[in-house]
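Remarks on the structure that follows.
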Amino acid sequence: MTTISSSPVLSVRDLRVSFPSEAGRVDAVRGVSFDLEAGKTLGIVGESGSGKSVTSLAIIGLLDDNAKVTGSIVFDGEELLGKSDKQMSMIRGNGMTMVFQDPLTSLTPVFTIGDQLIEALTVHRNLSKKESWDRSVELLSLVGIPEPEKRMKSFPHEFSGGMRQRVVIAIAMANNPKLIICDEPTTALDVTIQAQILDLIEKAQGETGAAVIMITHDMGVVARTADDVIVMYAGKPVEHAEARELFHRTRMPYSIGLLGAIPRVDKAEKQPLVPIKGNPPLLIDLPHACPFADRCPIVVDACRASEPELLPVVTGTDAAHTAACFRAAEIEDGGLIGGLPVYPVAEIPQSALTLTPREQRPVTLEVRNLTKTFPLMKGAIFKRKVGEVHAVKGISFDVREGETMAIVGESGSGKTTTLLQIMDFAKQDDGDIVVAGTSVGDITSGAQERALRRDIQIVFQDPMGALDPRMTVSAIIAEPMIAIGVSRADAHVRVQELMDLVGLNPAHLDRFPGAFSGGQRQRIGIARALSTNPKIVVLDEPVSALDVSIQAGVINLLDELKVKLGLSYLFVAHDLSVVRHIADRVAVMYLGEFVEHGDVDEVFDNPQHPYTKALLSAIPVPDPDIERGRQRIIFDAKTMTTQPLAS
Amino acid sequence: MSSEMIDPTLHTAEQPAPVAVQRKRMSTFALYYRRFMRNKPAVFGVIVFLALVLFSIVGPLVARYDHIYLDFLNLGTPPSGEHWFGTTPAGNDLFAQVSIGLQRSLMIAVTVSVGTTALSAVVGTAAAYFGGRTEKFTLLLIHFLMVIPTFLILALVSNTAGGDWRVIALALIFIGWFFQARVIWTMALSLREREYVEAARYMGVRGMTIVMRHLLPNIGSLLVINFTLGVVAAVMTETGLSFIGFGVKIPDVSLGSLIGSGANSITSAPWLFYFPAAALVLLTVSMALVADGLRDALDPTSAAGGRA
Chain A
570 MTTISSSPVL SVRDLRVSFP SEAGRVDAVR GVSFDLEAGK TLGIVGESGS
620 GKSVTSLAII GLLDDNAKVT GSIVFDGEEL LGKSDKQMSM IRGNGMTMVF
670 QDPLTSLTPV FTIGDQLIEA LTVHRNLSKK ESWDRSVELL SLVGIPEPEK
720 RMKSFPHEFS GGMRQRVVIA IAMANNPKLI ICDEPTTALD VTIQAQILDL
770 IEKAQGETGA AVIMITHDMG VVARTADDVI VMYAGKPVEH AEARELFHRT
820 RMPYSIGLLG AIPRVDKAEK QPLVPIKGNP PLLIDLPHAC PFADRCPIVV
870 DACRASEPEL LPVVTGTDAA HTAACFRAAE IEDGGLIGGL PVYPVAEIPQ
920 SALTLTPREQ RPVTLEVRNL TKTFPLMKGA IFKRKVGEVH AVKGISFDVR
970 EGETMAIVGE SGSGKTTTLL QIMDFAKQDD GDIVVAGTSV GDITSGAQER
1020 ALRRDIQIVF QDPMGALDPR MTVSAIIAEP MIAIGVSRAD AHVRVQELMD
1070 LVGLNPAHLD RFPGAFSGGQ RQRIGIARAL STNPKIVVLD EPVSALDVSI
1120 QAGVINLLDE LKVKLGLSYL FVAHDLSVVR HIADRVAVMY LGEFVEHGDV
1170 DEVFDNPQHP YTKALLSAIP VPDPDIERGR QRIIFDAKTM TTQPLAS
Chain B
34 MSSEMIDPTL HTAEQPAPVA VQRKRMSTFA LYYRRFMRNK PAVFGVIVFL
84 ALVLFSIVGP LVARYDHIYL DFLNLGTPPS GEHWFGTTPA GNDLFAQVSI
134 GLQRSLMIAV TVSVGTTALS AVVGTAAAYF GGRTEKFTLL LIHFLMVIPT
184 FLILALVSNT AGGDWRVIAL ALIFIGWFFQ ARVIWTMALS LREREYVEAA
234 RYMGVRGMTI VMRHLLPNIG SLLVINFTLG VVAAVMTETG LSFIGFGVKI
284 PDVSLGSLIG SGANSITSAP WLFYFPAAAL VLLTVSMALV ADGLRDALDP
334 TSAAGGRA
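Those sequence lines, one after another, are chains A and B. Going by the working numbering, the first sequence runs without a break in its numbering and finishes at 1216. Going by the working numbering, the second sequence runs without a break in its numbering and finishes at 341.
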């Protein structure tokens, strides 16, 4: 990480990419310039559609033929634009490699990983069979695959997602590249695996001395890995600075908003997050104005007259710092302008309920000794049971009025199964589920079950999949009310109230879900869940599919509704930062059991179980000083103990 | 700021409450209608189809001769002022025959197509949604029906019934529904796993309501295509039956029997083939155009009519 050569490995100047589309020309990237030196990491952050992935694809030359690319990309002294696909193939996988987002699809399922590694090696170099085999084994052990000799003959499906991403990184490292482009390398992975993969990328960088472009939407990942950071918005870099400088002396309102929108896992304060209003613009026929103007809280007339250039700003340090904002000079450290915050946030109102001690509030959901087993079947025609998988092993908890109970865990921990068991009102052999005072064991008729459904409603993860695309918003929100026998006229009035309540324009009620953005769709889902006046709302990863700035708005809405309506939430999530922000109580789930369960601040500030400790240490914090000084803890599943990561 | 400074007492009369209905809610069908009308070929298809329907109803009324009247002075004459579409070798007026035949064919085709589409859609989606024993039994029945030589049964039934078009239509529904039901079952399997179906279940919506409200509309475009192809297929099957002598029997006529007999004299009396064949082509083409327009109008994700 210390080798600094005078000439950069990669030098991009005024890169522009546009695509033709039916609606007009899409300007996906509109002038990106940067230099990247060997051994350095450049973080490119932005929300979906900001042009960060298109930039990386333009560099590696994998864009569609119909894309129009202009500007200049100089890699290792060679101009890449204008090279034919065949010439680019000589560079790709050799001097420049890429790690993609989804490890499940970036390996070919029909070849062993050994074959794929050897192919990566031999396609660019003349190696004998023996040499390439040995080098492959060496690479596998380098990326931390146990028993590499044996695993060479394994197929991709025999590996877990994290292991596959390790193999992908091994392939990327195979030819000692000078540049590794990582496009959201950890988005599809669990946090503990994410931490390991980020460490591994750092290691790969150390081994090969390569420069790394880290593309991500996660400010925590950037804080941890990047030396330089570019924040992109609407296809254009809006702020570019060294990492510490950017995080501590932010000068562009969009970057300030992005940082304020992320809940922090290391802070207990319950302050509303910063939602950036509106949605990113479509990249077709952009007006000659700042593309962020419509969403910016400190917009002035000049912002609408012309688009600001990316210009150097003076921040009191000698670090290079550029920002594209007319008012960048007025903005002070900590997101303040003229002594006031750029994004004024309303306080979360306190309700009478939160003042009542927990023990005195009524229980809205009680779960005792919930168990779920799946039978293991064998045999082709006559299936016989050969064993059971215990997905949930006897968990108990209660949720009281006005509080949020969160269940966190990584994939496969059984948190979704728990939730489905509750929603299915599954009768338990040796336990019980009690919803608002009614035990599911007492349900004997369909009518009773439907009556109980009024009290418990669910919001799903995927805002698109949970709304019937063929029904209008009005029909979607009214559906639970119609199901419990509310008249259509009453339901129609209530739909308008609800749309107003969740921050949607009631005039849009005859539109289809496809006409709404992700955040708005999630609001429709919340309105639907609230329509029957439930006592408890089950939230299944309600914000994990949304961009951070949109996510903040939905989290604030949930906070506000809880206080306004006295709701209880059962919140299932894998994102501990969100849980810390929204939950009152938390249970950490691991292999079908609660390993730790209690008050949210107690669990997060003073974790007792080794798994919780490891989980908390794995979450990247969006602050480079804290993030780089932290000691990471690794959890050993065999002995159920932790140890500090050897560095 | 000025709007907040206005004295509220002066303006309460004109200002409606913010939550009150600001405009009439547009019904789903009004929306579909507007999107359908945007598709010009589809509107053309509707016009052609309506013209055919009109012809089949009004034709027999304005025809100079009854379709069973035999004009012994004009045996196998080409189109003329007397007989607009010419006559058959037996002396039947072809104009009257085509309009009656079209009427008969339309009735059979639409009945059969509505019947098979509705039956297959409900059975297929219900089997997929309810799963378990319902699904097993339904699939068993479908697979059993698939191995039976159904065309023979159809021929037997229609022959015994003496060519009654209603019996033929019922028999056609019986032999037509299960292949479609099998396809719809496969499509509905993936719909069953969608979150909005799960969401509806967790709201306490009844099973059959979920099938009707969430599953059927989401295979709507498939059903529309099935319906159109069903019309075409029913006309074809009926033509085939009539051709081999098991279909609609004289004195009743259908497009199928007319085309069948016209095909024999295509060189000597081409009008006997071309008029009924043209009616058939117009019918199938117009149905295809209508189907295309319907699919775009009903499908919110379709690019052609995507706007609200």
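Beta carbons: idealized from backbone N, C-alpha and C, even for Gly.
Query raised in the report: Over what stretch of residues does the alpha helix (DSSP H) that includes residue 1177 of chain A continue unbroken?
Result: No alpha helix (DSSP H) contains residue 1177 of chain A, which DSSP labels as neither H nor E.
Query - Where the stretch 217-235 of chain B meets chain A: residues whose CB sits under 9 Å from a CB there - result: 227, 228, 229, 230, 231, 232, 233, 234 and 235
Query raised in the report: Going along the chain, which residues of its own chain have a beta-carbon closer than 8 Å to the beta-carbon of residue 915 of chain A, five neighbours each way excluded?
Result: 841
Report task. Kindly indicate the opening and closing residues of the alpha helix (DSSP H) around residue 318 of chain B. Result -> 304-331
Query - Rounded Cβ spacing between residue 210 of chain B and residue 152 of chain B (contact assumed at less than 8 Å) - result: 4 Å
**Report entry** Per-residue burial, residue 857 of chain A [other beta carbons within 10 Å of its own, 16 or more giving buried]
**Finding:** exposed
Query raised in the report: Expressed to the nearest angstrom, what Euclidean distance is found between the alpha-carbon atoms of residue 85 of chain B and residue 149 of chain B?
Result: 23 Å
Query - Same chain, Cβ closer than 7 Å to residue 740 of chain A, five either side skipped, listed in chain order - result: 685, 686 and 689
Query raised in the report: DSSP state of residue 938 of chain A, grouped into three classes?
Result: strand
Requested in this report: Just the C-alpha distance for residue 1177 of chain A and residue 667 of chain A, rounded to the nearest angstrom, thanks.
Outcome: 39 Å
Query raised in the report: How would you label residue 1120 of chain A, buried or exposed, when you count the other beta carbons within 10 angstroms and need 16 or more for buried?
Result: buried
Query - Own chain residues within Cβ distance below 7 Å of residue 292 of chain B, not counting five before or after - result: 272, 306, 309, 310 and 313
Report task. Tell me whether residue 695 of chain A is buried or exposed, calling it buried when 16 or more other Cβ atoms sit within 10 Å of its Cβ. Result -> exposed
Report task. For residue 756 of chain A, I'd like the list of residues in its chain whose CB is within less than 8 Å of its CB, leaving aside the five on either flank, ordered along the chain. Result -> 670, 785, 786 and 787
Query raised in the report: Is the Cβ of residue 238 of chain B closer than 8 Å to any Cβ of chain A?
Result: yes
Requested in this report: Using a cut-off of 9 Å between C-beta atoms, extract the partners of residue 251 of chain B located in chain A.
Outcome: 1037, 1038 and 1039
Report task. Determine the direct distance from the alpha carbon of residue 766 of chain A to that of residue 701 of chain A, and round the result to whole angstroms. Result -> 24 Å
**Report entry** 8 Å contact criterion, which residue 792 of chain A and residue 1196 of chain A should meet: CB distance rounded
**Finding:** 5 Å
Query raised in the report: Any Cβ of chain A within less than 8 Å of the Cβ of residue 327 of chain B?
Result: no
Query raised in the report: residue 247 of chain B touches chain A at which residues, Cβ-Cβ below 7 Å?
Result: 1037
Query raised in the report: Residues of chain B with CB under 7 Å from residue 1049 of chain A, in chain order?
Result: 236
Query - Exposure of residue 1109 of chain A, with buried meaning 16 or more beta-carbon neighbours within 10 Å - result: buried
Query - Those runs of the alpha helix (DSSP H) which lie wholly inside the stretch 1150-1212 of chain A and span at least 4 residues - result: 1169-1174, 1179-1187 and 1193-1198
Requested in this report: Examine chain A for any beta-carbon lying closer than 8 Å to the beta-carbon of residue 64 of chain B, and answer yes or no.
Outcome: yes
Query raised in the report: beta strand (DSSP E) containing residue 797 of chain A: first to last residue?
Result: 797-802
Query raised in the report: From the beta carbon of residue 55 of chain B, is the nearest beta carbon of chain A less than 8 Å away?
Result: Residue placement at residue 55 of chain B is poorly supported in this model, since its pLDDT is 38, which falls under 50; the coordinates still yield a value, given next. Cβ-Cβ to chain A under 8 Å: yes for residue 55 of chain B.
Report task. Can you grab the Cα-Cα spacing for the pair residue 236 of chain B / residue 177 of chain B, in whole Å? Result -> 37 Å
Query raised in the report: So with Cβ pairs under 8 Å, would you call residue 992 of chain A a contact of chain B?
Result: yes
Query raised in the report: In three-state terms, what does DSSP make of residue 38 of chain B?
Result: In this predicted model, residue 38 of chain B has a pLDDT of only 32, less than 50, meaning its place in the structure is not dependable; the value taken from the coordinates is given anyway. Note: residue 38 of chain B maps to helix in three-state DSSP.
Report task. Hey, could you find the ends of the beta strand (DSSP E) residue 595 of chain A is sitting in? Result -> 593-605
Query raised in the report: On the three-state DSSP scale, how would you describe residue 78 of chain B?
Result: helix
Report task. Tell me whether the beta-carbon of residue 1100 of chain A lies closer than 8 Å to the beta-carbon of residue 1049 of chain A. Result -> yes
Query raised in the report: For residue 906 of chain A, does the three-state DSSP call read helix, strand or coil?
Result: strand
Report task. Just tell me which of A/1079, A/1054, A/1062 and A/1042 has its CA closest to the CA of residue 1095 of chain A. Result -> A/1042
Query raised in the report: Which stretch, first to last residue, makes up the beta strand (DSSP E) that contains residue 609 of chain A?
Result: Neither: residue 609 of chain A is in no beta strand (DSSP E) and is coded neither H nor E.
Query raised in the report: How many whole angstroms separate the CB atoms of residue 248 of chain B and residue 224 of chain B, which I take to be in contact at a CB cut-off of 8 Å?
Result: 5 Å
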